[in-house]
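Peer 1:
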Amino acid sequence: MHTSLTFAAVACVVGLASAVPSLAETDHNLANTISLDSNHPDSFRNFAPELPQMRARASTINTEIGLHVSEIEPGLFFVTDLVYQSAFVVTDDGVVVLDAPPSFGANLRKAIAMTAPDAPITHLIMSHGHRDHNGGGHFFADIPGLEIVAAAEVAETLEKFHLEGVLTPTQVFDSALDLSIGGVDIQLQTANYHAEDTDVMIYLPDQKFLMAIDTITPGEAPFMNFGATTNVNAYFESFATFLEYDFEHFLSGHVSILGNRQDVVAARDYAFDVRTTVYNLMSGFNDRFMNGFEAVEFQNANLAYRVAMEGIRDDCAQKIIDRWEDKLSVVDLWADSHCETALLYAVMH
Ligand SMILES: [Zn+2]
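Dropping the structure here:
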């Protein structure tokens with residue numbers, strides 16, 4: 243879908259402009275956009291539906307509380323509003339909440355009250371400081387003595403930048419913290435696969451439960467630009483780190499499906515396939531650039547550079563879609579962003 247737009251842009255510059263309206267007469271050439279007009283060449287209708295095997299795993303909402311809540315191990319509950327995910331664990335001392343997304347509203351508190359009506363809420367553990375995963379903390383702000391556990395770097399960030407709804411940590415740690423709360427072991431370990439400051443992996447060994455937020459999207463290709471990572475290299479290295487843990491459940495923070503070990507393996511294989519594909523195509527970068535530069539009569543190197551980047555991105559995306567469209571959902575929606583992220587990284591390293 244991008245090729246025709248790229249050609250149109252180049253055709254204008256190389257003197258075929260009389261055949262097509264100039265940009266001044268039309269809207270600007272906003273390449274790489276999806277049109278909601280079904281007759282447009284870049285119509286949303288060109289994208290494949292979600293795969294049946296992914297739909298079959300989707301969670302359903304309990305309408306009474308507006309959330310999906312399921313007990314995945316004794317005392318350990320998985321929660322999702324079908325877009326965001328969190329969890330809570332009922333211990334002998336009370337309830338420990340693992341992330342409080344603002345999209346859950348007050349419903350998470352309601353779900354906990356229905357599940358464990360007599361248990362106090364003792365801890366809120368934050369996977370990272372981003373508002374979209376912990377901006378619902380304020381719904382727990384009135385609980386006396388609530389321990390809010392976060393990495394020290396997250397506490398520093400929150401001191402500098404107020405993030406609406408995110409509570410100030412009361413217990414911080416540098417790189418690792420082992421907690422034992424009401425008979426439940428919870429191991430926290432910092433990492434750098436997503437957030438600007440730090441991420442925290444949350445591991446419950448007895449429940450074989452690992453939580454690493456904004457990483458994979460079970461059943462689907464990763465979200466745009468590999469989960470919008472701020473550290474591409476660390477993102478790629480994180481799969482090996484995750485797989486060193488002995489886990490069966492993998493909570494990644496997004497979509498309605500709770501992940502498992504196979505989902506992490508599939509996401510790893512997908513990501514490395516993208517990277518290898520880009521590296522293989524990189525050998526043709528100079529030729530692509532020179533072709534474009536010649537076409538624009540050596541006047542606009544930026545345009546030629548973009549043509550070279552888009553050519554590799556689109557060739558990569560096509561190969562990735564061909565290989566993965568039957569295995570993961572929405573590959574055709576995000577493959578170009580993954581290829582572009584891997585390409586930018588390859589250019590710079
Ligand atoms: Zn995030």
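Quick note: the sequence shown, position 189, residue 431 per my numbering, numbers continuous.
Glycine included, C-beta positions come from ideal geometry on N, C-alpha and C.
Should Asp439 be counted as a contact of ligand 1 given a C-beta to heavy atom distance under 7 Å?
Peer 2: Flag unset: Cβ of Asp439 not near ligand 1.
Peer 1: Please report the distance separating the alpha-carbon of Asp488 from that of Tyr547.
Peer 2: Those two C-alpha atoms are separated by around 45 Å.
Peer 1: Using a 10 Å radius around the Cβ and a threshold of 16 neighbouring Cβ atoms, would you call Met532 buried or exposed?
Peer 2: Classification for Met532: exposed.
Peer 1: For Ile314, which option in Asp568, Asp505, Leu493 has the closest C-alpha, if you only look at C-alpha atoms?
Peer 2: Taking only the C-alpha atoms, the option nearest Ile314 is Leu493.
Peer 1: What are the start and end residues of each continuous alpha helix (DSSP H) run of 4 or more residues lying completely inside the segment 369-415, in chain order?
Peer 2: Qualifying alpha helix (DSSP H) stretches, in chain order: 373-376, 394-402.
Peer 1: Could you check what DSSP says for Asn467 in three-state terms: helix, strand or coil?
Peer 2: In this structure, Asn467 counts as helix in the three-state DSSP scheme.
Peer 1: Roughly how many whole angstroms lie between the Cα atoms of Ile458 and Leu570?
Peer 2: Computed Cα separation, rounded: 11 Å.
Peer 1: Grouping DSSP H, G and I as helix and E and B as strand, with all else coil, what is Phe202?
Peer 2: The structure shown does not extend to residue 202, since the chain spans only 243 to 591, so no value can be given for it.
Peer 1: Report the rounded CA-to-CA distance for Phe451 versus Ser369, giving the unit in angstroms.
Peer 2: Each residue's alpha carbon lies about 14 Å from the other.
Peer 1: Does the pairing of the segment 434-447 with the segment 392-412 give three or more beta-carbon distances under 8 Å?
Peer 2: Yes, they touch.
Peer 1: Which residues, in chain order, sit with a beta-carbon under 5 Å away from any heavy atom of ligand 1?
Peer 2: For ligand 1, the selected residues are His372, Asp456.
Peer 1: Going by the CB atoms, is the gap between Ile455 and His580 shorter than 8 Å?
Peer 2: Result no, Cβ atoms of His580 and Ile455 do not sit closer than 8 Å.
Peer 1: Do you know how far the Cα of Asp341 is from the Cα of Glu389?
Peer 2: If you take the alpha carbons of Glu389 and Asp341, they lie about 13 Å apart.
Peer 1: Could you give the C-beta distance for Thr583 and Val497, rounded to a whole number, given that I count them as a contact under 8 Å?
Peer 2: 20 Å between Cβ atoms; not a contact.
Peer 1: What would DSSP say about Leu265, mapped onto helix, strand or coil?
Peer 2: Caution is warranted here: a pLDDT of 49 is assigned to Leu265, below 50, making its placement in the model unreliable, and the coordinate value is therefore given only provisionally. Coil, per DSSP.
Peer 1: To the nearest whole angstrom, what separates the beta carbons of Pro464 and Ala513, a pair I think is in contact under 8 Å?
Peer 2: Contact flag correct, Cβ pair sits at about 7 Å.
Peer 1: Roughly how many angstroms separate the alpha carbons of Met524 and Val507, rounded to a whole number?
Peer 2: Answer to the nearest angstrom: the Cα atoms are 26 Å apart.
Peer 1: By the DSSP assignment, the alpha helix (DSSP H) with Met296 in it spans what residues?
Peer 2: It spans 294-297 - the alpha helix (DSSP H) in which Met296 sits, taken as one unbroken run.
Peer 1: Along the chain, which unbroken stretches of the beta strand (DSSP E) at least 3 residues long are found entirely within the segment 511-558?
Peer 2: The qualifying runs do not exist here; there are none.
Peer 1: Would you decide whether Arg555 is buried or exposed? Buried here means 16 or more other CB atoms lie within 10 Å of its CB.
Peer 2: With 16 or more Cβ atoms within 10 Å of its Cβ, Arg555 is classed as buried.
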